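Written out below as structure tokens is the structure these notes cover.
Numbering (the numbering used here), first residue to last: 22 to 337.
Here is the structure:
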């Protein structure tokens with residue numbers, strides 16, 4: 022479960038507990054090679070659909086209506102999404118039904134779906150993409166695969182304007198920069214994320230190695246959340262840590278991602294010239310840096326020379 026997940030696998034364990042006991046789980050999944058929506062699963066064999074990070078907005082579609090129908094039918098429901106999606110579900114239902122348990126994610130912010138698709142159209146043929154991943158065992162890298170499982174393109178901080186814009190926070194939806202849910206006071210029963218910074222104040226065995234493998238942060242806010250976590254205890258290795266440690270390296274538990282000149286320029290250009298142009302021109306300095314890096318990588322003698330310079334070695 023951990024090897025197939027991006028942040029330690031806790032979300033998948035929680036979902037498995039619910040569906041194995043006759044309930045259903047909702048979460049973000051690919052419904053097409055480059056399309057992410059909130060979907061419903063009700064069998065353990067479907068769990069893999071919900072695993073892995075998706076660094077793009079997941080459309081809610083008919084998820085809220087289906088949750089309501091499941092609850093009326095007496096099913097236990099686990100709903101996992103961004104804090105705003107969880108808040109939207111509660112608003113839709115008008116209450117917090119006893120059969121519903123919610124998990125919100127420690128969310129940095131998300132780009133619009135058409136931002137991702139516009140970027141992919143400039144980089145490769147979207148029709149050739151059979152599968153897209155945003156983070157895996159290789160770390161922080163987005164990969165596009167063809168139907169034979171061959172990697173068509175690796176896109177990371179050093180060569181991708183989309184990935185760089187996501188990680189540096191200037192391609193998000195405009196509301197993400199004023200998100201009211203980026204605080205310790207959450208809307209869900211549980212909060213899930215990566216436990217960045219674990220072991221820096223209070224020792225944790227092999228902290229760096231465990232984080233690389235994926236180490237889940239689980240914040241419990243309600244009795245319902247605690248009950249589900251207790252039911253999953255046999256499948257989890259858990260350690261009690263302080264809230265202060267959890268919050269320290271997860272700024273989204275204190276405040277939203279700050280607005281920036283690049284973000285403002287992106288949204289200005291987005292409205293005038295579309296997503297593809299906005300991605301390419303909202304951060305000219307970054308664009309020039311990535312272009313120069315690409316040129317250097319295409320010239321082996323120059324690449325070898327640059328790698329002899331300590332200040333450049335790690336930037337290539």
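Glycine included, each C-beta is placed from N, C-alpha and C at the ideal position.
Computed from a predicted structure; not experimentally measured.
Pairwise C-alpha distance: residue j and residue i
| i | j | result |
| --- | --- | --- |
| residue 287 | residue 178 | 18 Å |
| residue 86 | residue 316 | 50 Å |
| residue 164 | residue 144 | 12 Å |
| residue 161 | residue 295 | 27 Å |
| residue 53 | residue 233 | 29 Å |
| residue 313 | residue 119 | 56 Å |
| residue 203 | residue 106 | 13 Å |
| residue 227 | residue 258 | 14 Å |
| residue 65 | residue 34 | 10 Å |
| residue 263 | residue 175 | 37 Å |
| residue 293 | residue 55 | 24 Å |
| residue 268 | residue 281 | 22 Å |
| residue 62 | residue 46 | 5 Å |
| residue 147 | residue 141 | 6 Å |
| residue 166 | residue 37 | 27 Å |
| residue 104 | residue 172 | 33 Å |
| residue 116 | residue 58 | 24 Å |
CB contact flag (residue i, residue j, <8 Å)
| i | j | result |
| --- | --- | --- |
| residue 44 | residue 99 | yes |
| residue 126 | residue 205 | no |
| residue 123 | residue 210 | yes |
| residue 139 | residue 330 | no |
| residue 48 | residue 102 | yes |
| residue 84 | residue 70 | no |
| residue 130 | residue 190 | yes |
| residue 182 | residue 306 | no |
| residue 277 | residue 212 | no |
| residue 136 | residue 192 | yes |
| residue 214 | residue 236 | no |
| residue 114 | residue 97 | no |
Burial state of residue i (16 or more Cβ within 10 Å)
| i | result |
| --- | --- |
| residue 260 | exposed |
| residue 271 | buried |
| residue 320 | exposed |
| residue 322 | exposed |
| residue 208 | buried |
| residue 328 | exposed |
| residue 91 | buried |
| residue 309 | exposed |
| residue 247 | exposed |
| residue 325 | exposed |
| residue 291 | buried |
| residue 251 | exposed |
| residue 255 | exposed |
| residue 201 | exposed |
| residue 304 | buried |
| residue 289 | exposed |
Continuous alpha helix (DSSP H) stretch holding residue i: start and end
| i | result |
| --- | --- |
| residue 291 | 282-294 |
| residue 105 | 104-114 |
| residue 314 | 305-318 |
| residue 135 | 134-144 |
| residue 87 | 84-93 |
| residue 59 | From DSSP, residue 59 is part of no alpha helix (DSSP H) but of the beta strand (DSSP E) over 56-62. |
| residue 37 | 31-40 |
| residue 325 | 321-327 |
Near the ligand MG: residue i beta-carbon under 7 Å from a heavy atom
| i | result |
| --- | --- |
| residue 189 | The model depicted lacks the ligand MG and carries no ligand whatsoever. |
Span of the beta strand (DSSP E) around residue i
| i | result |
| --- | --- |
| residue 45 | 45-53 |
| residue 126 | 121-126 |
Residue-level contact to chain D via CB, residue i, 8 Å cutoff
| i | result |
| --- | --- |
| residue 93 | Note that chain D does not occur in the displayed structure, where there is just one protein chain. |
Ranges of the alpha helix (DSSP H) found wholly within the stretch 214-273, counting only runs of at least 4
228-234, 244-253, 264-269
Which runs of the alpha helix (DSSP H) spanning at least 4 residues fall entirely within the stretch 150-206, listed in chain order?
Entirely contained in the stretch 150-206, the alpha helix (DSSP H) runs reaching 4 residues are, in chain order, 182-188.
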